[in-house]
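Below is one structure, written out as structure tokens; comments come after it.
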Amino acid sequence: MSGGDPDGLNPWVDARGRGPQTSLLPAPRPPLEDQVGIRFLGSPVAVRRGPSRGFLAVMALLVAASTAVGGRWWSIEQNVAPPAGYEESATPLGSPPAATMVATGNHAFAAMQPDGIGPVAWSPCRPIHYVVRAEGGPPNGAELIATAVARMSAASGLVFVDDGLTQEAPRLDRDAYEPELYGKRWAPVLVAWSTPDETPSLAGDTVGIGGSAPVTRNGLAVYVTGSVTLDAPDLTGILATPDGTDAALGVITHELGHVVGLDHVDDPAQLMNPRATPSVSTLQQGDLAGLAELGTGACAPHV
Ligand SMILES: [Zn+2]
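Written as structure tokens, this is what we have:
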């Protein structure tokens, strides 16, 4: 991490490159980090510039993988993927509401299709499963997550399924396929309460990390798993402030926005602004417009 432009107008540097993916392997992407932390409700917080720790960690892994047979990426390659088409229906399970289909406003996508036409999205023809590691979270943690998930589903039409609790710890290099834990399907989205001790990327003002992993087959990139890692101490502090519940919900909703496929936009009027705005804790018109498009991706029976 490094210093830099103090006006906070530039996008996050970890909105990384988006070259086309040609393999089935999950593309290792640095998760997006959000620093709306302790001063969330007050004055602006510093925004990191330069490569994030997560980015550097992923790059380090990639370098290691090029020389170490038996390393992580090799393991993924050998482990391949679950059988294609798990729970895939012939038609979308839902659709975005008409109101969000006509929404307009600033939004950006985390990644675009290899042909550059349309964003990378989840298959709307299968549910998005998620698990929660509740340990260390606030007493109302489950309710907060469920509410934020419901917001995502309502805005996108995507169907989410709560698979309950897990003991899986968050990792930057999490496997997209963990059959020993979750069976022969893509690993569910992991929502985990964590600490800066466990997840160094949460150090400082960072209160959450969110993102998803795409695979590409037949020229179509599709998200197959993702994660949200929440800074439990920071969010517990936020929850103790006036309007803290709304603010915490805003953080979790923002991170789930990354999971569904939104990137940051430099617009304080949108929830996907990289820095929190106290008056903006719900999805706004630009956020809704982006989520509506992300809810109308292609079905992916081949993934
Ligand atoms: Zn973010």
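So in my numbering, spot 51 of the sequence shown is number 151, and the numbers just go up one at a time.
For glycine and all other residues, C-beta sits at the position ideal for the given N, C-alpha and C.
Which stretch, first to last residue, makes up the beta strand (DSSP E) that contains residue i?
i    : result
R271 : Where R271 is concerned, there is no enclosing beta strand (DSSP E), given that its DSSP letter is neither H nor E.
A292 : 289–294
P342 : Unbroken run through P342: none, as it is neither H nor E.
A313 : 308–317
Do you know offhand how far residue i's Cα is from residue j's?
i    : j    : result
P84  : A340 : In the structure displayed, the chain extends from 101 to 403; residue 84 sits before or after that span and is not available.
E280 : T353 : 29 Å
Y323 : A313 : 5 Å
E298 : T200 : 38 Å
G237 : S294 : 8 Å
P227 : D343 : 32 Å
G390 : V403 : 23 Å
S327 : V289 : 5 Å
L371 : N318 : 33 Å
L265 : Q213 : 33 Å
P401 : H358 : 23 Å
E235 : A269 : 10 Å
L388 : G304 : 30 Å
V232 : G283 : 17 Å
S123 : P183 : The pLDDT assigned to S123 is 35, lower than 50, so where the model puts this residue is not dependable; a value taken from the coordinates is nonetheless given after this. Approximately 16 Å between the Cα atoms of the pair.
N240 : T345 : 9 Å
D215 : T316 : 12 Å
P300 : A287 : 23 Å
Thinking residue i and residue j are a contact (beta carbons under 8 Å), I'd like their distance in whole angstroms, please.
i    : j    : result
V307 : D334 : 5 Å
D331 : L302 : 4 Å
V259 : Y230 : About 11 Å; that fails the 8 Å criterion.
A321 : A211 : 7 Å
P192 : A255 : P192 to A255, Cβ: 15 Å. No contact.
Can residue i and residue j be called in contact, C-beta distance under 9 Å?
i    : j    : result
G395 : G218 : no
G257 : G386 : no
L349 : T382 : yes
G361 : W222 : yes
A276 : A208 : no
S253 : G310 : no
A203 : A347 : no
D262 : A246 : yes
R274 : T325 : yes
R285 : Y186 : yes
N373 : D363 : no
V399 : E243 : With the sequence shown as reference, residue 399 is identified as Cys, and Val is not the correct amino acid for it. No, Cβ-Cβ distance for C399 and E243 is not below 9 Å.
What are the start and end residues of the alpha helix (DSSP H) that includes residue i?
i    : result
S256 : 241–256
I228 : Taken as a continuous stretch (DSSP letters only), I228 belongs to no alpha helix (DSSP H), being part of the beta strand (DSSP E) at 228–233.
L383 : No alpha helix (DSSP H) holds L383; DSSP gives it neither H nor E.
Y282 : 279–282
M201 : 198–201
Spell out the partners DSSP gives residue i in its beta bridges.
i    : result
D363 : A208
W222 : Y323
Got a sec: does ligand 3 put a non-hydrogen atom nearer than 8 Å to the Cβ of residue i?
i    : result
M372 : Because ligand 3 does not appear in the structure shown, any question about it cannot be addressed here, the ligands present being ligand 1.
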